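Worksheet for the structure shown next.
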Amino acid sequence: MTSKISCIKLIKEDLRQRTWLIAILSTVTFLFQPLMLIIGINEKTNWINTVTPGFTMKDFKFWLFNFMGFNNNALVFCVILFAILCGVSGFYYLHSKEKLNLIHSLPIRRERLFFIQFVSGFLIFLIPFTLNLLVSMLSISFQGYMSLELLKVSFAAFGIHVLFFLLLYTLTVFSMIMTGKLLIGLIVTLSLFSYGTLIVALFRLLAMRFFSTYFLKVDAYWFSWFKSLYITTDGTDGLSSPLLAYISTLNQMSDQTVPYKLILFSVIGTIVFLLLGIFLYRLRPTETAGKPIAFPKAESVLKILLSVPLGIGAAFYLDSLANQASNNIVIFILAILCAFIFAIVIEFIYTMDLKHLFVKKGALLLSVILAFGITAIYKFDLFKYDNYIPKKNEIESIAIYMDDFNTRFNYPITTNVQSTKDFLDSSALKDFGPVYQLAQKGASLFDMTDETAQYVNLKYNLKNGRSVYRMYLINETDVQNCSKYLLNNQQYKEALFQTNLYSSLDFQYVEVTDIYQSTSKLNISAAQMKTLLDIYQKDLVNASYFDLTSQFPSGTINFAPKNSSDTYMRPLFCSFTNTYDYLKELGYDLPTKIESDNVQRIEATNHDNQKNIVFNTPEDIAKILPKLTSVPYYFYKKPIEFIVTFKSNIYSSSNLFYLNSEQIPDCLKGLLN
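Take the sequence shown: its position 336, counting from 1, is numbered 1026 in my numbering, and each next residue is one higher.
Structure (structure tokens):
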């Protein structure tokens, strides 16, 4: 016999019993949304009214969009916390025999009970969250800052928060159904939230530690939230766990990209775990309340899934602290020991009885074996990761990024920073014969210890659609030979100099800096800017290997696009005659070399040995000047800086230069001892 009491009445009753939680959620949400918003608006408007340096109405609107949109970190934390509180408070009765017997004695079907608790928990979050959003929007409207665009962003962010609350809330409910103790339930909840991400991070750390040719596809400069874990919110890492999916969705929406895969991931995850929760709720025996896991067969599985990665991660960390990277045995001993310790700790949490720590020997043994086996796979490269190179007939194209070579042409650097992976993804060579030969050498000599060796990053684009990334250490001579080939390849040079990025843009101004590092803002029309860009880029792409490697820049040219903070700043060389001729035609006759008669003194400093020499004689100055470059010393591997002081009435300033180590005058050799 089942009760005819309506679900709405039962939901209202549950809401009444959980009034304390509604009060907490309402208060916290009010503090972190309307109240912080009002305080923030008053503070920021005061900054504008008092003319705080650097803070404008544009900055205020940017802050307001972030707060109401996708960058309110405090609100994200609240959503995660509320999902756990609503899930635990609604289904905590499953962990109490007395409450469970009482509730299951009611003439209500289990599916209906689940529905009542689930819906009431969702409403406890949704009602105060929605009301506080409306209060915030009314506050903005009353102060005259509301706009249609802000309204759209606010509702979009609201939808994302609610969507991922449902996912995290469903996972919490599922964890409470699976377990019989609160502590275990919280452990399972946090595991479901982030387990996949931590596994990905662990495997990346192991690969970085043990594989010589491993290429980290996440650039260090682009880590959004999890820099130390080598996890990014910009790519597909978000699919590794619900928590990272939530943060990644907000991050990508903030960049005006709709992450359909992540949104679909959250919807599917919610539906799957909701259906699993209902199914297990029906099967869950009443007598499992108070036991660690409601389904005993899952105990060992959970213990293995937790103890193995925790053990390996702890071993990796301890081994790094002990500086035992070259020891083949220590890492295995640590992995076995740490996995063993975590396994018995988890067993103790299950039973709270020291006598039962070693009862389930099978799971304990399997945890230790798996920890040892996974560590061995990485340590000894059992699958020959470092030696792998695709067959030539399997490759569609290859992209290459040579650290010393490419970074040399990234200076002077643009504000539009391009990561190594971005470059590999945007450049690929169909004619890759010399590059493939270089890769073969790298795969066969991946453990070389040559001090002059350079890092070379490759991306193999295979015909089956798969991409393979590798990083090799290759001797300097082979790299230079490959560089000569690449700088004779038109396609590669266009990718190297990113010539296609700015061809379709309109520019607000162009600046040129001459050899004396004196900058002039050109007074020219938009059409002349376009013409100058075309001429310059032709000079750049047509430059020979000798032009680009044997000369130092005679200046720089900087194109600034409209409606953007990015700039396109690139070097000028003496051989760029077409560019210099057009600049002269525009009325800007720029010097391309420093005349020794214009120099008063040169002060040279070696930062390795702290030696310092000042050169005043015309003879020394004439010998040193042709060897100087504005490119920083770390590209030339000689830590010598030069402060060149110009004579008065010519150039009153002193400018910083560096030494091209390929040609060192005799007068400077004393600095190198």
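The C-beta atom is built at its ideal place from N, Cα and C for all residues, glycine as well.
Just so you know, these numbers come straight off a predicted model, no measurement behind them.
- Taking C-beta separations shorter than 7 angstroms and ignoring five residues to either side along the sequence, the partners of R1291 in its chain run V1304, F1305, N1306 and T1335, following chain order.
- Put simply, of I770, D924 and T1142 the residue whose alpha carbon is nearest the alpha carbon of T947 is D924.
- Residues F1073 of the same chain have their beta carbon placed closer than 7 angstroms to that of I1067, with the five preceding and five following residues left out of the count.
- By alpha-carbon distance to E788, the top candidate from T976, L1114, G811 and F804 is T976.
- In terms of CA proximity to K1153, S1087 leads the group K734, N1147 and S1087.
- Between the alpha carbons of V878 and Q1144 lies a gap of roughly 46 angstroms.
- Sorting M1259, L940, T719 and I1333 by C-alpha distance to the C-alpha of L1230 places M1259 at the top.
- Judged by beta-carbon spacing, I1247 lies beyond the 8 angstroms limit of S1286, meaning their Cβ atoms are not closer than that value.
- The beta carbon of A979 is closer than 7 angstroms to those of L784, H785, S786, K787, L790 and G870 in its chain, skipping five residues each way along the sequence.
- Inter-segment contact for the region 1206–1216 and the region 1183–1195 is absent: fewer than three beta-carbon pairs are separated by less than 8 angstroms.
- The region 1049–1064 makes contact with the region 993–1009: 3 or more CB pairs, one atom from each, lie closer than 8 angstroms.
- Between A1025 and A1053, the C-beta spacing is not below 8 angstroms.
- Here K1149 is bridged, per DSSP, to A1089 and Y1159.
- Setting aside the 5 residues that flank it on each side, S1157 is surrounded in the same chain by K1149, Y1150 and N1151, each with a C-beta closer than 8 angstroms to its C-beta; the list follows chain order.
- Distance from the CA atom of K1359 to the CA atom of D1093, rounded to whole angstroms, is 28 angstroms.
- Taking the C-beta atoms as reference points, A1133 is found nearer than 8 angstroms to Y1162.
- Looking at the backbone, the Cα of L754 and that of P1080 are separated by about 51 angstroms.
- Taken atom to atom, the span from the alpha-carbon of Y1272 to that of F745 is near 40 angstroms.
- When D945, M898, Y950 and S826 are compared, the shortest CA-CA separation from L853 is found for Y950.
- Taking C-beta atoms as the reference points, F722 and L775 fail to come closer than 8 angstroms.
- Cβ contact annotation for L1276 (same chain, cutoff 8 angstroms, sequence separation greater than five): L1212, I1214, Q1218 and L1222, in chain order.
- Looking at the DSSP output, N1248 bridges to E1201 and M1259.
- Contact annotation: C1172 and V1125 have beta-carbon atoms nearer than 8 angstroms.
- Under DSSP, Q1144 shares a beta bridge with I1164.
- A buried status is given to C768, since no fewer than 16 other beta-carbon atoms sit within 10 Å of its beta-carbon.
- E1275: not part of any beta strand (DSSP E); member of the alpha helix (DSSP H) spanning T1267 to E1275, first to last residue.
- With a cutoff of 8 angstroms on beta-carbon distance, Y1075 and P982 are scored as not near each other.
- Taking 8 angstroms as the cut-off, the beta carbon of A935 is found closer than this to the beta carbon of S956.
- Annotation for F1332: the continuous beta strand (DSSP E) segment containing it runs I1330 to F1336.
- As summarised for the region 831–868, the continuous alpha helix (DSSP H) elements at least 4 residues long and confined to that stretch are 838–868, given in chain order.
- I1164 and K1131 have their C-alpha atoms some 7 angstroms from each other.
- Under the DSSP assignment, T1110 falls in the alpha helix (DSSP H) whose first and last residues are T1110 to S1116.
- With respect to the C-alpha of F1236, the residue from Y1226, N1178 and Q1188 having the closest C-alpha is N1178.
- At least 8 angstroms separates the beta-carbon of I770 from that of L882.
- In this structure L1349 is not in contact with K1313, their Cβ atoms being roughly 12 angstroms apart against a cut-off of 8 angstroms.
- For the set F855, L1176 and V843, the Cα lying nearest the Cα of T960 is the one of F855.
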